[in-house]
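Enquirer: From first to last, the protein sequence lines stand for chains H and U. Take 1 as the starting number for the first sequence in the working numbering and just add one per residue. Take 1 as the starting number for the second sequence in the working numbering and just add one per residue. Backbone N, C-alpha and C fix where the C-beta goes; we use that ideal spot for every residue, glycine too.
There are 2 protein chains.
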Amino acid sequence: MIEDKNSLSGLPTVRRLPMYLHLLKELNSQGREFVSSTHIGEKLGLDSVQVRKDLASTGIVGKPKIGFYVPALIGAIESYLGWDNSKDAFLIGVGSLGSALLGYAGFEKRGLNIIAAFDNDPDKVGKIIRGVEVLSLDKLPDLAERMNIHLGILTVPGEYAQVTADVMVLAGIRGIWNFTQTYLQVPESVFVQDEDLAAGLAVLSVRLARALNQE
Amino acid sequence: MIEDKNSLSGLPTVRRLPMYLHLLKELNSQGREFVSSTHIGEKLGLDSVQVRKDLASTGIVGKPKIGFYVPALIGAIESYLGWDNSKDAFLIGVGSLGSALLGYAGFEKRGLNIIAAFDNDPDKVGKIIRGVEVLSLDKLPDLAERMNIHLGILTVPGEYAQVTADVMVLAGIRGIWNFTQTYLQVPESVFVQDEDLAAGLAVLSVRLARALNQE
DNA sequence: TAGATTGTTAATCGATTAACAATC
DNA sequence: TAGATTGTTAATCGATTAACAATC
Numbered sequence: 001m002i003e004d005k006n007s008l009s010g011l012p013t014v015r016r017l018p019m020y021l022h023l024l025k026e027l028n029s030q031g032r033e034f035v036s037s038t039h040i041g042e043k044l045g046l047d048s049v050q051v052r053k054d055l056a057s058t059g060i061v062g063k064p065k066i067g068f069y070v071p072a073l074i075g076a077i078e079s080y081l082g083w084d085n086s087k088d089a090f091l092i093g094v095g096s097l098g099s100a101l102l103g104y105a106g107f108e109k110r111g112l113n114i115i116a117a118f119d120n121d122p123d124k125v126g127k128i129i130r131g132v133e134v135l136s137l138d139k140l141p142d143l144a145e146r147m148n149i150h151l152g153i154l155t156v157p158g159e160y161a162q163v164t165a166d167v168m169v170l171a172g173i174r175g176i177w178n179f180t181q182t183y184l185q186v187p188e189s190v191f192v193q194d195e196d197l198a199a200g201l202a203v204l205s206v207r208l209a210r211a212l213n214q215e
Numbered sequence: 001m002i003e004d005k006n007s008l009s010g011l012p013t014v015r016r017l018p019m020y021l022h023l024l025k026e027l028n029s030q031g032r033e034f035v036s037s038t039h040i041g042e043k044l045g046l047d048s049v050q051v052r053k054d055l056a057s058t059g060i061v062g063k064p065k066i067g068f069y070v071p072a073l074i075g076a077i078e079s080y081l082g083w084d085n086s087k088d089a090f091l092i093g094v095g096s097l098g099s100a101l102l103g104y105a106g107f108e109k110r111g112l113n114i115i116a117a118f119d120n121d122p123d124k125v126g127k128i129i130r131g132v133e134v135l136s137l138d139k140l141p142d143l144a145e146r147m148n149i150h151l152g153i154l155t156v157p158g159e160y161a162q163v164t165a166d167v168m169v170l171a172g173i174r175g176i177w178n179f180t181q182t183y184l185q186v187p188e189s190v191f192v193q194d195e196d197l198a199a200g201l202a203v204l205s206v207r208l209a210r211a212l213n214q215e
């Protein structure tokens, strides 16, 4: 079965699942056992039908009149997202954004372990930033193979994005979380997940302009 | 005319505009005068029809057989996004992500100026981080009014997100760029732009699992 | 039982893609 | 002129929302 690598089907749902998870963990820590889709929807500004459809995609089944058992729901979402399994990753480019991501506590609790960082700057190589050692980019191919790493977080300056991605692909990286502005050309076997701050800023800019002009 | 604040119409286009802009500036610096939608599409992995439709939303008009005049296109996109006008903003929460954003050079060239940062931690108040002074959160309401600030970047820990947002709204902030995981309850007159790293990580996780399992 | 809630099927909505006329 | 390219109108596709039967 061939899957279009640009297929976005189901992705809006996948993007909402972390919101549910966040709320459910809060409810769980408050000792709440059951929750209805109506309640979740109210808390997150979503329609209850959409909540039920999203949750159904994880395979969970609720009980009429009662709702969903919170611990089971948490487990189902984490399992669906694979956040109950550990995934090792490299981070490439230890600038300000890269450094911030190295210290982001949210990765670990979602199964993502950054086990090494890489940079070309001799001033940075050898340092330990937020508990992660910074290595020379030369060492990436060898290490990726030996440690069986398939995932890379790309935070280099835009002008080096493509050449760095080429190195990563050759080293066997199969997924690139791309924080640069550059559109990466990669083989079909590799997927790129773009995380573009500028896209959010664009929406923000347009909406702010509308809000300030219209009222 | 009442506008639904949750309206997403046109937003996919708005989110793609920064990509075009990035490419066009590169072409411009290479001295290229004209570019076709086909060429843009090839460089960015998009269909040429979609490129034309996206560009048309900015009001630009191309020339059959020739394409679009690059400098005019750059100007049209920047104007449509309002990136040619300066917008002042506050940043609230000077943790690792907040600090990284303070140093993000991409904001300035898109018309976003962070003119002050706020935090409740006495160790941080009074410091200057990446050229921006960190002030006590107490001072936000007074300063927002005096300086006529309507935009806030929220990077506090999740558990303080709602109370901090409440303070911001009372202070007259009209737009909140929300980097926390918390869904914010705000009045209709305020818009929230969520920027959720976990959403991207969720998509990445699901796609990586598929890629590694299926082949 | 009655009513709240789930889960499914159908309708709507918006965005993308296809087809094609207009134009330099 | 011929052909490449734009811009528009129609068709398709996927996601959201509405309607409603099933169930505890």
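1. Indicate whether at least one CB of chain U lies closer than 8 Å to the CB of H:Lys63.
2. Given that U:Phe191 touches chain H, what residues does it touch there, using C-beta distances under 7 Å?
3. Around the C-beta of U:Leu140, are 16 or more other C-beta atoms found within 10 angstroms, so that it is buried, or is it exposed?
4. In the DSSP assignment, find the unbroken beta strand (DSSP E) run with U:Lys139 in it and report its ends.
5. Scan the stretch 123 to 192 of chain H and note each continuous beta strand (DSSP E) run of 3 residues or more that stays entirely inside, going in chain order.
6. By Cβ distance, which residues of its chain are closer than 6 Å to H:Ser136, with the 5 residues on each side in sequence left out?
7. At a cut-off of 7 Å, is H:Lys124 close to the ligand ADP when judged by its beta-carbon and the heavy atoms of the ligand?
8. Is there at least one Cβ from chain H nearer than 8 Å to U:Gln181's Cβ?
9. Under the rule that 16 or more other beta-carbon atoms within 10 Å means buried, what is U:Val163, buried or exposed?
10. Output the distance between the C-alpha atoms of U:Asp196 and H:Glu78, rounded to the nearest integer angstrom.
11. Just by C-beta distance, which residues in the stretch 160 to 176 of chain U are closer than 8 Å to chain H?
12. For H:Arg15, return the contacting residues in chain U, with the cut-off set at a CB-CB distance below 7 Å.
13. Would you verify that the beta carbon of U:Leu73 is, or is not, closer than 8 Å to some beta carbon of chain H?
14. Mind listing which residues of the stretch 25 to 45 of chain H have their C-beta closer than 7 Å to chain U's C-betas, in chain order?
15. Could you give the C-beta distance for H:Pro71 and H:Asn120, rounded to a whole number, given that I count them as a contact under 8 Å?
16. Given a cut-off of 8 Å, decide if H:Ile74 and H:Leu143 are closer than it, judged by their beta-carbon atoms.
17. Closest by CA to U:Pro222, which one among H:Ser205, H:Pro187, H:Ala56, H:Ala198?
18. Along chain U, in chain order, which residues have C-beta atoms closer than 7 Å to that of H:Glu195?
19. Kindly indicate which three-state DSSP category U:Lys65 falls into: helix, strand or coil?
20. Check whether the stretch 149 to 162 of chain H touches the stretch 79 to 99 of chain H, taking contact to mean three or more Cβ pairs, one atom from each stretch, closer than 8 Å.
21. Please work out which residues of its chain come closer than 7 Å, Cβ to Cβ, to U:Asp4, disregarding the five sequence neighbours upstream and downstream, and give them in chain order.
22. Using a beta-carbon distance cut-off of less than 8 Å, what residues from the stretch 134 to 157 of chain H approach chain U?
23. Going straight from the alpha carbon of H:Ile114 to that of H:Val51, what length do you get?
24. If we require 4 or more residues per run, which alpha helix (DSSP H) segments fall completely within the stretch 63 to 123 of chain U?
25. Specify, as a first and last residue, the run of the alpha helix (DSSP H) that H:Ser29 falls within.
26. Taking CB distances under 8 Å as the criterion, tell me whether H:Gly67 reaches chain U.
27. When we look at the beta-carbon of H:Val61 and count the other beta-carbons within 10 Å, is it buried (16 or more) or exposed?
28. State the DSSP-derived secondary structure class of H:Asp194, mapped to helix, strand or coil.
29. H:Arg110 touches chain U at which residues, Cβ-Cβ below 9 Å?
30. Which residue wins for smallest C-alpha separation from U:Arg130, given the options U:Pro122, U:Asp138, U:Ala116, U:Asp123?
31. Roughly how many angstroms lie between the CA atoms of H:Tyr183 and H:Leu204, to the nearest whole one?
32. Buried or exposed: which applies to U:Gln181, given that a residue is buried once 16 or more other Cβ atoms fall within 10 Å of its Cβ?
33. Within the continuous alpha helix (DSSP H) that includes U:Ser36, where are the two ends?
34. Beta-carbon of H:Lys124 versus every beta-carbon of chain U: anything under 8 Å?
35. Is the Cβ of U:Ala116 closer than 8 Å to any Cβ of chain H?
Expert: From the atom records:
1. No - not a single Cβ of chain U is within 8 Å of the one on H:Lys63.
2. Those within 7 Å of U:Phe191 in chain H are Arg207, Ala211.
3. A buried status is given to U:Leu140, since no fewer than 16 other beta-carbon atoms sit within 10 Å of its beta-carbon.
4. Per DSSP, U:Lys139 belongs to no beta strand (DSSP E) and is neither H nor E.
5. You should have 132 to 136, 151 to 154, 175 to 178.
6. Excluding positions up to five away in sequence, the list reads Val125.
7. This structure simply doesn't include the ligand ADP, nor any ligand for that matter.
8. With its beta carbon less than 8 Å from one in chain H, U:Gln181 belongs to the interface.
9. With fewer than 16 Cβ atoms within 10 Å of its Cβ, U:Val163 is classed as exposed.
10. About 17 Å.
11. So the close ones are Arg174, Gly175.
12. What H:Arg15 touches in chain U, judged by beta-carbon distance under 7 Å, is Ala199, Ala202, Val203, going in chain order.
13. By this cut-off, U:Leu73 is not an interface position.
14. Shown in chain order are the members of the stretch 25 to 45 of chain H whose Cβ falls below 7 Å from a Cβ of chain U: Lys43, Leu44, Gly45.
15. Between H:Pro71 and H:Asn120 the beta-carbon gap is near 46 Å, outside 8 Å, which marks them as no contact.
16. Not a contact, by the Cβ cut-off of 8 Å.
17. Look at the range of chain U in this structure, 1 to 215, and you will see that residue 222 of chain U is not part of it.
18. Per Cβ cutoff of 7 Å: Gly200.
19. When secondary structure is reduced to three states using DSSP, U:Lys65 falls in the coil class, being assigned neither helix nor strand.
20. The stretch 149 to 162 of chain H vs the stretch 79 to 99 of chain H: in contact.
21. Residue placement at U:Asp4 is flagged as unreliable, the pLDDT there being 34, under the threshold of 50; the coordinate-derived value follows with that caveat. Correct list: empty, nothing qualifies.
22. His150, Leu151: these are the residues of the stretch 134 to 157 of chain H whose beta carbon lies less than 8 Å from some beta carbon of chain U, given in chain order.
23. The alpha-carbon atoms of H:Ile114 and H:Val51 are separated by roughly 32 Å.
24. Scanning the stretch 63 to 123 of chain U for uninterrupted alpha helix (DSSP H) segments of 4 residues or longer gives 70 to 81, 96 to 102, listed from N- to C-terminal end.
25. H:Ser29 -> alpha helix (DSSP H) spans 11 to 29.
26. For H:Gly67, the closest Cβ of chain U is not nearer than 8 Å.
27. Result: exposed.
28. Here H:Asp194 sits in strand by DSSP.
29. H:Arg110 reaches chain U at Ala198, Leu201, Ala202, Ser205, counting residues in chain order whose Cβ is nearer than 9 Å.
30. Nearest C-alpha to U:Arg130: U:Ala116.
31. Each residue's alpha carbon lies about 22 Å from the other.
32. U:Gln181 is buried by the Cβ-count criterion.
33. Segment: none, U:Ser36 is in no alpha helix (DSSP H) and carries neither H nor E.
34. No, no contact with chain U.
35. With respect to chain H, the C-beta atom of U:Ala116 has no partner C-beta closer than 8 Å.
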